[in-house]
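> Chains as they are written, first to last, in full-length UniProt numbering: chain H, 1 to 810; chain P, 1 to 213. Ideal Cβ placement from N, Cα and C applies to all residues, glycine included. My questions all concern the structure below.
Okay, here's the thing in C-alpha cells:
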C-alpha cells in the first residue's frame, strides 16, 4: 500500500501475520536480536501506540487527523490550500502572532527545544515566501535572536548541562544565516515601525475613527519597537568585531539606556488574550482582547506537532501549551531587571568583589541559563581560540594582572610591592609561571559559580583539586623567594630595617597564605551549599559542624590574623623603602611585576594598601581615615574587618551547634542515632566520602577518621551535658554579638548599601539577619534544656529560617 | 550457617551458599589482611540484614519470592507503570530483570497470587573500578502500603548486592518523595548530589547513595 508523508511516498508491505506466526515458535523469555544490539540498547526503543512514548498517539485529534490523511503540511502546501495567509495581515493578527512567537521564545529560554517552541510556527520554516513585510521581519528577527543567543551567548559561555538546555540539536532548521544579517533585521524593524507610525497618523485623521484599529496598530508599534530594542540589547553582549574577531567592550551605559526604554515600553504593551466570547472585556483594560473569530485566517500558523516525528525518542516529549502572553511579558520585565542588576558586575574591580557579586547574584536572583551566561561573558568575554584563563576581565584587564593585584591587596608580598628592586630573570620566570598557573583555577571559579547551583557544588569540589596543586606551587615559590629576597633587602638598606619586621618577612609564606585563603573560602562555600541543597542528613550534622568550625574556620581565622599582622607590620617599612629609592631610581619602577599592574594601582590608589607614597606629602595624616574598598571608613588596623567579624560569627554558630548536638546525644534527646539496628552506613566510611574533596589539600591537612574522633573527644566528650549546653549558649551569644556589630558597621555608611543586598565572602545581609534570629531562639531553647525542662522530649531541627543553621525545636 | 529448610519469614530462595561463595570470591583479592577485613564487614552486614529480615513478624497474607520467568513480566510492568511517573518500555524492564534476575524481588498475596510489590535493581562495574548497585524501580500496590513491604524488598536487594561484593548502592528519588527519602535514609543512604530538573516533569531529584566501602 502507498502512503505519502510530506514530500515522500512510501510503498509498504504488510507482514503482520507472517511475523506473528514465526513468533509463536519462540519459547517464553527468548529474545531474538542482532549481535550488537543488546538489551541496553533496546532501552531506547519505543512502544508503538503507547501514548507515553509514541508521538503520534499523544493526542486524539492528531491521530485522528493522521487517519484522515492530513499529513503535516509545509508552508507552501498550506498557502496553496489557502489554509494560512501570508499577505496583508491585520494588526490584530500580527499582534497575536507576535505574542505567540514571544511565548515560544520564553519557553525556549526556559530550556525547551527549538522543535517544540519556535519551530512550531509554520511561518518560520520558509520565511522568504512570506509576502507581508512586518510578518517577514518579525519572523526573521525571532530566528536571528534565538540564533545569536544560542551561538554567541549560550554556546560560548558553555555553562549548560543536559538538564538546562537542549540547544545543540538544530534539526536542520533554517537559520537564514546567509539570507539576512542581524543589523538588517534591526533596520527592517525600524522601517516597519516608521511605516506603521505613518499608518497610525492617517488613521487618526480619518473622519470616522476606527478606535479598535487605532489601538491595535499602536500596540503593534510598541511590540515592534520592543523587539528592536531587545534584539539590539542582546547583540551588545559578547559582541565580536567582525574584522578582527577581538572582543568589543561591553557598553553598559548604552545597554542601561535601552533597558530603560524597554521598561517603559513594557508598561505600554497590553498582552493579548484570545477569547471565544466576542463580548468579553478585560478588567481595567490591562489586556488586549482578541476574539478568536478574527484569527480565522491564521488558525493554522502554530502546530505543536509540526516537528514531532523528528524528536529523538528518549526525549522530553511533553507538549506544553504556549504560555499566556500576560505571563510572558511579566517574565520579560523580570529579565530586564535581572540584566540591569547583572551589569553591576562592571564596577567589581577586584577578584574578591567579583566573587562576592557572583555569589550574591546567583543566590538571590536565581538566574536562568541565559542570564548566567551573560554574567560570565560580561566578566570574561570569549575570544576565538582562547582558553578561559587567558581571557581578559571585562575584555580589558589581563587575568594574571588581576590575580597579582589581588595578592598584593591581601598580603603585600615584597615581590609585588617593592617598586625599585631589580629582579633576576630566574625569579621572574618562577614568579610568572606561578601567576599564569594560578589563573586557571581562579577563572574556573567564576565559571563554576555560573552553573546551576547543583552543578556548581560539584564543580567546586573539582576546583579544590586544582587548588591543592596550586598550594604546592605556592609553597615552592615562597621557598625560592625566602632565599632571594632576604639577600636583596639586606643589601638595599640596613638602617630602615627593623629586626622584628625582617623576621616576620622571613617566616611568612606569602603566596601560600593567599592560596590557602581562597581554598578555605571555597571549602566553606562548598560546605554551606550542601545545606542550601538540603544534602546533609540529621545524623551528619555533628560531624559537619565540627569539621566546619574546628578545622576549616579555625584555620581561616589564623590566616586572617597572619594577613592582618603582615599588613599592619610591614606596610610602613615597605613604604619607607620605596620612598627611599624613589629619588635614586628617578621614579622609574624597576620591579617588572609592579609595572605590570601599575594601571590597576593607579585606578584604586585610595584602596591600595601601600597608597601611592609619591603623592604623599604628609603620610602620617592620611593614615587613619581611609575608605576601604567597600566605601567604609576604616583605620589602618582594620584590614579584613568585616570578613573577620563574619568568620568569627560563623565559628561561634557552628561551635555552638556541635556542642549542643553532643549534649543532646548524651541526654538521648535525639530522634535518631547512627547505631540504629537497621542503619548500614558506617561513620568512618561516611566521613571519608563526605569530605573526599578535602582529601588532597596540603592545608588544612587531611585528618583520618581516627584522629578526627580523637579531637572531637578532646573537644566535647569530656564535658557534661550541662557544661556543653552552657558553652553552646555562650557561643550563640557571641555569634549574635559578632553579627550585630557587623550590621552596625555597615549601616553607618548607608549611602553605599542602599538598594543592595550586601555580601561579604558568601554571607549576605539577609543571611546575617537570619543567623541572629536563630542564635537568639536557640539560646532560649538551650536555657530551657539546661534547666532540665521536659527531659523526656526529643529535639528536632528546623531549617526553615535559614538552611545553614537550624533552630532547635522542643 | 542457616539451614535451607523452614525459614519463618517465608523467604523461598536459597540463603545457603552465600557465605561459601563469599570466601571463594574474595580470598584472592588484595592482601590477606584487607580481604579478611572486607569479609568480616560484609559478613557482619549480611548477618545484620538476615536478622532484620528474620526478626519481622510476617503478615501471613503475603510472601516474598524472586523473579522466575517472563510470565511474571507483565504483572511487574503493570504494577510499576501504574505507580511510577516515568514511562518505561518493556525493554527497560527486560534489561534489568533478564540481566539481573537475582536482584529482582517480588511480593505477592498468598491466596490470589496477585503481585503486591516489586523491586528491580542491578549491580554493575562503574568506570571500570567500582562495583555499584543501582535500584532502578520500587513499587508497592496502594492497598498494601505502610506494611514495611518496601523496606523488606530494599533490604533483600541490598543483601544480595552485598553478597556479591558491592562498594556502593545508588538510586534517584524525587525531592518531594518523602516516603522514599525516609525509607532509604533510615537505612543509611545519604543525599550525595542534587540533580536539577532530573525528571521529565522538570522536578529535581536527589542521588541517594549508601557507601559500603
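By the 9 Å beta-carbon criterion, what residues does the region 674 to 689 of chain H contribute toward chain P?
674, 676, 677, 678, 679, 680, 681, 682, 685, 686, 688, 689
> For the region 178 to 192 of chain P against the region 537 to 552 of chain H, do three or more pairs of beta-carbon atoms, one drawn from each stretch, fall closer than 8 Å, so that the two count as touching?
yes
> So which of H:394, H:545, H:701 has the shortest CA-CA distance to residue 519 of chain H?
As a first step, residue 519 of chain H must be located in the first chain, where it is residue number 519. Nearest option by C-alpha distance: H:701.
> Beta-carbon within less than 6 Å of residue 271 of chain H's beta-carbon, same chain only, minus the 5 sequence neighbours each way: which residues are those?
The residue you call residue 271 of chain H lines up with position 271 of the first chain. Result list for residue 271 of chain H: 287, 325, 326, 329, in chain order.
> Can you grab the Cα-Cα spacing for the pair residue 94 of chain H / residue 256 of chain H, in whole Å?
In the first chain, the residue the question calls residue 94 of chain H occupies position 94. In the first chain, the residue the question calls residue 256 of chain H occupies position 256. Computed Cα separation, rounded: 29 Å.
> Using beta-carbon positions only, say whether residue 450 of chain H and residue 155 of chain H come within less than 7 Å of one another.
To locate residue 450 of chain H, count along the first chain from 1; it is residue 450. To locate residue 155 of chain H, count along the first chain from 1; it is residue 155. Taking 7 Å as the cut-off, the beta carbon of residue 450 of chain H is found no closer than this to the beta carbon of residue 155 of chain H.
> Considering only the beta carbon of each residue, do residue 560 of chain H and residue 413 of chain H sit closer than 7 Å?
The residue given as residue 560 of chain H occupies position 560 in the first chain. The residue given as residue 413 of chain H occupies position 413 in the first chain. 7 Å or more divides the Cβ of residue 560 of chain H from the Cβ of residue 413 of chain H.
> Within 8 Å, do at least three Cβ pairs link the region 82 to 91 of chain P to the region 162 to 172 of chain P?
no
> Out of P:99, P:158, P:112, P:132, which one is the CA nearest neighbour of residue 70 of chain P?
For this step, residue 70 of chain P is matched to residue 70 along the second chain. Checking every option, the nearest Cα to that of residue 70 of chain P belongs to P:99.
> Apart from the five residues just before and just after residue 716 of chain H, which ones in its own chain have a Cβ nearer than 6 Å to its Cβ?
In the first chain, the residue the question calls residue 716 of chain H occupies position 716. Excluding sequence neighbours, residue 716 of chain H sits near 662.
> Quick one: list the residues of chain H neighbouring residue 94 of chain P, beta-carbon separation under 8 Å, in chain order.
As a working note, residue 94 of chain P is residue 94 in the second chain. Those within 8 Å of residue 94 of chain P in chain H are 31, 39, 42.
> Please confirm whether residue 213 of chain H has its beta-carbon closer than 7 Å to some beta-carbon of chain P.
Within the first chain, residue 213 of chain H is the residue found at index 213, counting from 1. No, because no Cβ of chain P sits closer than 7 Å to the Cβ of residue 213 of chain H.
> Can you give me the C-alpha to C-alpha distance between residue 109 of chain H and residue 137 of chain H, rounded to a whole angstrom?
Stepping through the first chain from its first residue, residue 109 of chain H is reached at position 109. Stepping through the first chain from its first residue, residue 137 of chain H is reached at position 137. Looking at the two C-alpha atoms, the distance is approximately 21 Å.
> Looking at chain P, which residues of the region 689 to 710 of chain H have a Cβ within less than 9 Å of any of its Cβ atoms?
Contacts with chain P (Cβ-Cβ distance below 9 Å) from the region 689 to 710 of chain H involve 689, 690, listed in chain order.
> Is there a C-beta anywhere in chain H that falls below 7 Å from the one on residue 100 of chain P?
For the purposes of this step, residue 100 of chain P is taken as residue 100 along the second chain, with counting starting at 1. False, the Cβ-Cβ gap to chain H never drops below 7 Å.
> At 3 residues or longer, what runs of the beta strand (DSSP E) sit wholly inside the region 139 to 188 of chain P?
Taking only runs of at least 3 residues, the beta strand (DSSP E) segments lying wholly in the region 139 to 188 of chain P are 168 to 174.
> If I measure Cβ to Cβ from residue 404 of chain H and keep anything under 8 Å in the same chain, skipping five residues before and after, which residues do I get?
Taking the first chain and counting its residues from 1, the one referred to as residue 404 of chain H is at position 404. The residues are 416, 435, 593, 596, 597.
> Counting only Cβ pairs nearer than 9 Å, list the residues of chain P close to residue 320 of chain H.
The residue you call residue 320 of chain H lines up with position 320 of the first chain. Residues of chain P passing the Cβ test: none, with the nearest at roughly 10 Å.
> Within 10 Å of its beta-carbon, does residue 706 of chain H have 16 or more other beta-carbons around it, so buried, or fewer, so exposed?
Along the first chain, read from residue 1 onward, the residue named residue 706 of chain H stands at position 706. Label assigned to residue 706 of chain H: exposed.
> If you pair each beta-carbon of the region 72 to 88 of chain H with each one of the region 294 to 301 of chain H, do three or more pairs fall below 8 Å?
yes
> Could you spell out where the beta strand (DSSP E) holding residue 192 of chain P opens and where it closes?
Position 192 of the second chain, counting from 1, holds the residue named residue 192 of chain P. Its beta strand (DSSP E) spans residues 190 to 195.
> Which runs of the alpha helix (DSSP H), 4 residues or longer, sit entirely within the region 635 to 674 of chain H?
For the region 635 to 674 of chain H, whole alpha helix (DSSP H) runs of length 4 or above, ordered along the chain, are 641 to 666.
> For residue 133 of chain H, which residues from the same chain have a beta carbon less than 7 Å from its beta carbon, with the 5 sequence-adjacent residues on both sides left out?
Here residue 133 of chain H refers to the residue found at position 133 when the first chain is read from its first residue. If we look at residue 133 of chain H and ignore the five residues flanking it on each side, its Cβ neighbours are 192.
> Using a C-beta cutoff of 7 Å, does residue 143 of chain P count as contacting chain H?
Reading the second chain from its first residue, position 143 is the one you call residue 143 of chain P. False, the Cβ-Cβ gap to chain H never drops below 7 Å.
> When we look at the beta-carbon of residue 35 of chain H and count the other beta-carbons within 10 Å, is it buried (16 or more) or exposed?
Counting from one through the first chain, the residue named residue 35 of chain H turns up at place 35. Exposed: under 16 other Cβ atoms inside 10 Å.
> First and last residue of the beta strand (DSSP E) that includes residue 273 of chain H?
Position 273 of the first chain holds residue 273 of chain H. Taken as a continuous stretch (DSSP letters only), the beta strand (DSSP E) holding residue 273 of chain H covers 272 to 275.
> Taking the C-alpha atoms as reference points, what is the distance between residue 461 of chain H and residue 454 of chain H?
Residue numbering aside, residue 461 of chain H sits at position 461 when the first chain is read from its first letter. Residue numbering aside, residue 454 of chain H sits at position 454 when the first chain is read from its first letter. The straight-line gap from Cα to Cα measures roughly 12 Å.
> Quick check on residue 96 of chain P: buried or exposed, where buried means 16 or more other Cβ atoms within 10 Å of its Cβ?
Within the second chain, numbered from 1, the residue matching residue 96 of chain P stands at position 96. Counting Cβ neighbours within 10 Å, residue 96 of chain P comes out buried, since at least 16 surround it.
> Let me know if residue 406 of chain H comes out buried or exposed under the rule of 16 or more other beta-carbons within 10 Å of its beta-carbon.
In the first chain, counting from the first residue as 1, residue 406 of chain H sits at position 406. With 16 or more Cβ atoms within 10 Å of its Cβ, residue 406 of chain H is classed as buried.
> What's the call for residue 277 of chain H, buried or exposed, on a 16-neighbour Cβ count within 10 Å?
Taking the first residue of the first chain as 1, we reach residue 277 of chain H at position 277. So residue 277 of chain H ends up on the exposed side.
> At a CB-CB cut-off below 8 Å, which residues of chain P make contact with residue 454 of chain H?
Translated into the one-based positions of the first chain, residue 454 of chain H becomes position 454. The contacting residues are 193, 194, 195, 196, 204.
> If we count the other Cβ atoms within 10 Å of its Cβ and call it buried at 16 or more, is residue 160 of chain P buried or exposed?
Taking the first residue of the second chain as position 1, residue 160 of chain P is located at position 160. Looking at its Cβ environment, which holds 16 or more other Cβ atoms inside 10 Å, residue 160 of chain P is buried.
> Between residue 45 of chain H and chain P, is the shortest Cβ-Cβ distance under 7 Å, so that the two count as touching?
Within the first chain, numbered from 1, the residue matching residue 45 of chain H stands at position 45. For residue 45 of chain H, the answer is yes, since a Cβ of chain P falls inside 7 Å of its Cβ.
> Can you grab the Cα-Cα spacing for the pair residue 175 of chain P / residue 373 of chain H, in whole Å?
In the second chain, residue 175 of chain P corresponds to position 175, counting from 1. In the first chain, residue 373 of chain H corresponds to position 373, counting from 1. C-alpha separation (whole angstroms): 27 Å.
> Between which two residues does the alpha helix (DSSP H) harbouring residue 762 of chain H extend?
Taking the first residue of the first chain as 1, we reach residue 762 of chain H at position 762. Segment: none, residue 762 of chain H is in no alpha helix (DSSP H) and carries neither H nor E.
> Taking only beta-carbon positions, decide if residue 163 of chain H is within less than 7 Å of chain P.
Along the first chain, one-based indexing puts residue 163 of chain H at 163. Output row for residue 163 of chain H: interface = yes.
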